[in-house]
Structure formats: C-alpha cells, structure tokens
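Here the sequence shown is numbered in the numbering used here, starting from -18 and rising by one per residue. Ideal Cβ positions, reconstructed from N, Cα and C, are used throughout, including at glycine. Fair warning: this is a prediction, and the values are worked out from it, not measured in the lab. Note sheet for the following structure.
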Amino acid sequence: MWRLSWVVAGLGSLAIALLIVARNPSTPESMPPTMSPVSSQRQPNLPLQYKTYSLAHSTVHTLLIPAQSSFAVVPALSESVDTLDNFAQQHGAIAVLNGGFFDPTNQKSTSYVVVQGKLVAEPKQNERLVNNPDLSPYLNQIFNRTELRRYQCGSAFRYDIAPHNAPLPANCQLIDALGGGPRLLLELTAQPEGFVDTVNGEVIRDPLGSNQPNARTAIALTQRGDVVWVMVAQKSETPADSGMTFTELIAFLKTLGIEQAMNLDGGSSSSFYYQGKTWYGKVDPEGYPVQRPVKSVFLVLPN
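So, in structure tokens, the structure goes:
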C-alpha cells in the first residue's frame, strides 16, 4: 500500500476532493486521457499537485503541472553551479527540480540546454567530455541523448520528450529544452544513449548504476500533456540499500499514468524544491541528506 501525503495548491471542491483521496492510501490511478497537450485553452485555476509516497525503500516526491494551467515548466542554467533555493530566488520560481548532467570538476554542462530559443549549454564545448578517451566511442550517442522540449505551435505551447537530433513537429518552434537521459518510457534506451554498454552479455559500462538502488530524478508527461516531476529520496535509516533501480523507477512511473518519461541527473544531484522547502535525495552513511549544487534545473513559473 502506498501512503500518500498531498499538498495541493487550490481552493473549493477540487481541493476537498484531493484531500479525500489523500486519506485513502491506495495505489495511484492512471490519469484520464482527456485534454489535448496542444490545446490553447488555459484554465488558470488548475492547481499544482504535490504528493509524497512513503515506500519501503524510498520516499518519492512528485509534482504534477497540469497541461492547461497558468504555469510553465522551463529550464535554467547557472554560470557555475548553484543550489535549488538560489535558483528559486533568482527566477521567482514556485518549484525547482535538478536537471541535466554536468562535470563537477570544470562545472560545465554535459547536457544540452536551450532557453527561449537560445542554445546556452552544448556538450560539444566541454573539453573534458570530448577529450576523454574512455568516452570517445560513445560521443555520438552522448550528443543525441533524450531531452524535454517545450514547443510553441501557433498560439499554443506543448511539451515533448525526444532525442536531441529529432526533427521538430510541423509548424512548431523550439522554445526550451533540457537534456538528460536515458528515456525511461515508452521504453528504456540506456544502451542506445551510451549509458550502458555490454560485451558478450557482460556490462562494461553503467555510470548511473541502473541496476543499483539510488536517489533518482525524472521528468515525465501524461497522455493529456501534464508534466510530472519525480524525485526519489533514500531512507536515512538504510542509505546503502534504499532508493530505486531504473526498473523500479519505471514501474513506479507507470502507476502514475505516465506515457513518456526521461531520467535526469540523480544520486547526489537529486533535489526538489517546492514552496520554500528543499528535499534532497541522496543520504550519506550517517543518514544525513547530501546537499549538492547543480548546473541546470527545471523551474515552475507563472505563465
């Protein structure tokens, strides 16, 4: 049984209905495929939906941003690295989620970031990445990893998860994008994206420890176009054995009615800010949360 704790921004009958659901610790149902993700009809009173799930080996924080609400999910990049709290203050964000991968030594992004149509981070410009002989066989895959995109299609905005080199939909303009990877749903693409490599069935490369439990961060889309943030936090009492594998994360996402999803930087980078409070995913051997500044993030802003 899942134990749900809801914090929902909203008033009236919708808030009451959500609170009733929160008192029933059942497995979350799939979200109904009703609204078109490209609809231009906004409903500004649709609230953000924050929930926590207390599981046996992790605590999961989620935030659902309705497709037709008055909120936008956009990326942001720091010149060096920064905390989620500072990102929130600088951009006036309601919520912040850690984003793409970066090199902690030179503090340069290893993921693509596009903000308001401008490419602000490009992995090909990271010399420690492109000059690493161990990574040279995988560079073409690294440069085509999965990203969350925000398009403007006429007067409407929509989100999508696609490889970096994928063409844009007809009559759509790319506004924002932030890379991560691998794709988790519809299918796991860890090997095509260069995260996992095997020789004669033996894994020789798996830098994300995909089969080991760890703190994880993911971003996802429902069929109707809602954006869902997910941050998996380890348990302080059992840090070495808590968190989720990719298989467990994918299974959890399916219970939320997710249609598409991609992994983001996890482990010590996993962090989640909402309404003035930050939660961290990684726990040290003594049970204390690890607070690591990050390079890029997703923000929730009033649209």
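inquiry  = Please list the terminal residues of the continuous alpha helix (DSSP H) segment that includes leucine 120.
reply    = 120 to 123
query = With distances taken between CB atoms, is the gap from valine 95 to aspartate 187 smaller than 8 Å?
reply = no
request  = Put lysine 258 into one of helix, strand or coil per three-state DSSP.
outcome  = strand
ask   = Under three-state DSSP, which class holds proline 9?
value = Confidence is the limiting factor: at proline 9 the pLDDT is only 35, short of 50, which leaves the residue's position unreliable, though a coordinate-based value still follows. Note: proline 9 maps to coil in three-state DSSP.
ask   = Below 8 Å, can you find three or more Cβ-Cβ pairs linking the stretch 149 to 169 to the stretch 122 to 140?
value = yes
ask   = Would you call serine 250 buried or exposed, if buried means 16 or more other Cβ atoms sit within 10 Å of its Cβ?
value = That one is buried.
task = Have a look at Leu58, Val62 and Ala76 and flag the residue whose alpha-carbon is nearest the alpha-carbon of proline 283.
result = Ala76
key: Straight-line Cα distance separating isoleucine 231 from leucine 237   = 10 Å
request  = Output the distance between the C-alpha atoms of proline 85 and arginine 109, rounded to the nearest integer angstrom.
outcome  = Spanning the two alpha carbons is a distance of roughly 11 Å.
task = Return the CA-CA distance between leucine 149 and phenylalanine 138, expressed in angstroms with no decimal places.
result = Distance between the alpha carbons of leucine 149 and phenylalanine 138 is about 13 Å.
request  = Pick helix, strand or coil for aspartate 246, following the three-state DSSP scheme.
outcome  = coil
ask   = For the alpha helix (DSSP H) that isoleucine 231 lies in, which residues bound it at each end?
value = 227 to 236
Backbone secondary structure at alanine 201 - three-state DSSP = strand
request  = Could you tell me whether the Cβ of leucine 78 comes closer than 8 Å to any Cβ of chain B?
outcome  = Of the protein chains in the structure, only one exists, and it is not chain B.
Limits of the unbroken alpha helix (DSSP H) element including asparagine 67 = 65 to 72
ask   = Helix, strand or coil: how does DSSP classify lysine 216 here?
value = coil
ask   = Quick one: what's got a C-beta closer than 7 Å to threonine 203's C-beta in the same chain, skipping five residues either side?
value = Met12, Val209, Gly238, Ile239 and Glu240
query = Which residues in the same chain as alanine 74 place their Cβ atom closer than 7 Å to its Cβ, once the five residues preceding and following it in sequence are excluded?
reply = Phe68, Leu280, Val281 and Leu282
inquiry  = Here's the rule: buried if 16 or more other CB atoms are within 10 angstroms of the residue's CB, otherwise exposed. What is threonine 180?
reply    = Looking at the sequence shown, residue 180 is not threonine but valine. That one is exposed.
query = With burial defined as no fewer than 16 other Cβ atoms inside 10 Å of the residue's Cβ, what is the status of serine 92: buried or exposed?
reply = Around the CB of serine 92, 16 or more other CB atoms lie within 10 Å, so the residue is classed as buried.
request  = Please report the residue range of the beta strand (DSSP E) in which valine 95 lies.
outcome  = 94 to 96
task = Starting from arginine 139, follow the beta strand (DSSP E) in both directions and report where the run begins and ends.
result = 137 to 144
query = By a C-beta neighbour count over all protein chains shown, 10 Å radius and 16 as the cutoff for buried, is glutamine 244 buried or exposed?
reply = Reading off the sequence, residue 244 comes out as asparagine, not glutamine. Label assigned to asparagine 244: buried.
message = Tell me the DSSP secondary structure of glutamine 106 in three-state form.
response = helix
request  = Verify whether the separation of the beta carbon atoms of glutamate 128 and histidine 145 is less than 8 Å.
outcome  = yes
message = Measuring straight from C-alpha to C-alpha, what distance separates phenylalanine 233 and aspartate 222?
response = 18 Å
task = Put aspartate 222 into one of helix, strand or coil per three-state DSSP.
result = helix
Candidates Gln49, Asn113, Arg197 and Asp63, of which the one nearest threonine 228 by Cα = Restricting attention to Gln49, Asn113, Arg197 and Asp63, the CA atom closest to the CA of threonine 228 is found in Arg197.
inquiry  = Could you check whether leucine 45 and lysine 276 sit closer than 8 Å to each other, using their CB atoms as the reference points?
reply    = no
query = Which first and last residues belong to the beta strand (DSSP E) in which tyrosine 31 is found?
reply = 30 to 35
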